Amino acid sequence: MGEEDELDISMPCCLHLLSAFLAMEPPNVLLSFARDCGGGCITESVQSFIWKHCISHYDGKLHVPYMKNCLKKLILEVESKGVVLDELYEQYTLYMTSIRENDFTKNSRVLKTISFVFPDEYAGLASCPKTRKLEVPLQCSLNMLEGGTGCCIWPSSLFLSEFILSYPELFLHKSCVEVGSGAGLVGICLRQVKASKVILTDGDLSTLANMRSNLELNKISATNDSLDGSLHADKVKCVHLLWEYATEDELQSFAPHIVLGADVIYNPSCLPHLVRILGALLKCRKSLPSFVHDGRECSNEIASESGLQQTSSANNNYLNNEVLSNDLNKHPVALIASVIRTKDTFSYFLSLAEEANLHVMDITEKIKPISLLPYMKSYERSNVRMFVVSYLSK
Ligand SMILES: C[S@@+](CC[C@H](N)C(=O)[O-])C[C@H]1O[C@@H](n2cnc3c(N)ncnc32)[C@H](O)[C@@H]1O
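At position 55 of the sequence shown the residue is numbered 55 (my numbering), and the sequence of numbers has no breaks.
Set out below in structure tokens:
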């Protein structure tokens, strides 16, 4: 095949194919993108692209049972209509002969890469300008129960991450604390938009260990989980924080501007503790006149001087949104993304919040993030709701 037949990796369909592959989307999703790339069928050029960009580039890092399954389906489809590339046959044979399925089922952790794909006007936020992508590799479990619920990537953390990356100026130079951080995706996005302080917390120790290795994987240094409020700007703190046992003093020391939580409203027995935690974190800073940046006090104008501000003003209804941007500059708020699986559980959360003087506002339809994961067909974005929680002082 000649050079001229090579598919361009920056073409949207190629970007989607590669991103879906790295995020371990189901094989039928990959096949559908592969067909798009070939104008309806999986041509030799498409196979060559898959071989070069999806397989050989990531040699040794891919989850073999997943790869085997994808290649099997791809080969079956191509064989019925055309010629399969030798390299793909050889790779499939290699997987067939070398695979010891037990090795993979015993350890169900896999490496998924979440690629946030930015539209042109937001390209400044991407780590790779050519592909307009921010790639976040994460070690996570395939099995939800292995390593606790926090080792999976839940849809609300994808949504909250899209939100953070869509409205970076909100988080710039802000001190952020996340509860129930799980695999650490939200924290990695907060570093990307230059939050001044990022504290990730979780009550499960194996989740916390996994979160730390995910930060390292993304070249972010994680500090010890001591509970003092100090933290160097380029570091992320991972803290073991069980909602049931955290003391007011511990929570006060975080002094956040923004509290975050993704998919943390699901277990009724934990909700009274979660609400207490939110109340304590939201009460602990009376006003937010200024933030400390580079060792000096600075105001919100610093945010407006940055390139990030321009990036988001393109389609932004945020800056005109009095509710959130004003609130955020006056007092701490919590941003909670949630899939409402059981109405009763959510109503219980609302009643507890009301008792605790917390105001919960649904902003899902008012402040929408940009769709940065268009290739991720397994992600039901419309199921996620976004809430702003603030403390009503008496
Ligand atoms: C459904 S997972 C969501 C994880 C992550 N935020 C996401 O969206 O991918 C819930 C997380 O909350 C943590 N969690 C649940 N109950 C907790 C508690 N009582 N104290 C502290 N963390 C808790 C779990 O360990 C888990 O990481």
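We put the CB at the ideal spot given by N, CA and C, even for glycine. Small disclaimer: the values here were computed from a predicted structure and weren't measured.
- Each residue's CA atom was taken as its position, placing Phe387 and Ile367 some 10 Å apart.
- Between ligand 1 and Thr113, a heavy atom-to-CB distance of less than 7 Å is absent.
- For Ala262, the Cβ falls inside the 7 Å cut-off from some heavy atom of ligand 1.
- Within the same chain, Thr113, Ser115 come within 6 Å of Glu135 by CB-CB distance, once the 5 residues on both sides are set aside.
- When the five nearest sequence neighbours on each side are left out, the beta carbons in the same chain lying within less than 6 Å of the beta carbon of Tyr66 are those of Met24, in order along the chain.
- Inter-segment contact for the stretch 179-192 and the stretch 213-220 is present: three or more beta-carbon pairs are separated by less than 8 Å.
- Here Gly279 carries a helix assignment [DSSP, helix/strand/coil].
- Our two residues, Ser141 and Arg109, have alpha carbons roughly 4 Å apart in a direct line.
- Note on geometry: alpha-carbon atoms of Val29 and Ala20 lie some 8 Å from one another.
- When the Cα atoms are used, Arg191 and Leu62 turn out to be separated by approximately 26 Å.
- In terms of CA proximity to Gly40, Glu77 leads the group Leu94, Leu200, Glu77.
- By the Cβ test, the stretch 323-332 is not in contact with the stretch 262-278, since fewer than three Cβ pairs between them sit closer than 8 Å.
- In this structure the stretch 358-377 does not lie against the stretch 245-263, because fewer than three pairs of beta carbons, one per stretch, are closer than 8 Å.
- Between ligand 1 and the CB of Ser338, the shortest heavy atom gap is not smaller than 7 Å.
- Between Glu178 and Thr149, the gap from beta carbon to beta carbon reaches 8 Å or more.
- Here Tyr167 carries a coil assignment [DSSP, helix/strand/coil].
- At the C-beta level, Leu282 and Val389 come within 8 Å of one another.
- Taking 8 Å as the cut-off, the beta carbon of Val360 is found no closer than this to the beta carbon of Phe159.
- For Val236 and Glu79, the gap between their C-alpha atoms comes out near 49 Å.
- CA-CA distance, Phe49 to Ser10, rounds to 12 Å.
- Counting along the chain, Thr207 sits inside the alpha helix (DSSP H) bounded by residues 205-217.
- In the structure shown, Glu354 adopts helical secondary structure according to DSSP, grouped into three states.
- In terms of Cα proximity to Asp263, the closest of Tyr245, Leu324, Cys151, Asp249 is Cys151.
- Closest in C-alpha terms to Pro27, from the list Leu392, Tyr375, Ser175, comes Tyr375.
- The beta-carbon separation of Val117 and Leu15, rounded to 6 Å, stays under the 8 Å limit for a contact.
- Short of 6 Å from the beta carbon of Ala353, and not among the five residues preceding or following it, lie these beta carbons of its own chain, in chain order: Val275, Val360.
- Placement of the Cβ of Thr247 at a distance of 7 Å or more from every heavy atom of ligand 1 is found.
- Remark: the C-beta of Leu142 is outside contact range of ligand 1, defined as less than 7 Å to any heavy atom.
- Within 10 angstroms of the beta-carbon of Tyr245 lie fewer than 16 other beta-carbons, which makes it exposed.
- Taking the Cα of Leu74 as reference, the smallest distance to any Cα among Thr43, Gly60, Asp59, Leu31 is reached at Leu31.
- Excluding residues up to 5 positions away in sequence, Glu44 lie with their Cβ nearer than 8 Å to the Cβ of Val83 in the same chain.
- With respect to the C-alpha of Tyr122, the residue from Val239, Ser98, Glu162, Cys270 having the closest C-alpha is Glu162.
- By alpha-carbon distance to Gln91, the top candidate from Lys81, Leu111, Val64 is Val64.
- By the 16-neighbour rule on beta-carbons within 10 angstroms, Arg132 is buried.
- Collapsing the DSSP output to three states places Arg341 in coil.
- Distance between Leu208 and Val239, taken at the CA atoms: about 8 Å.
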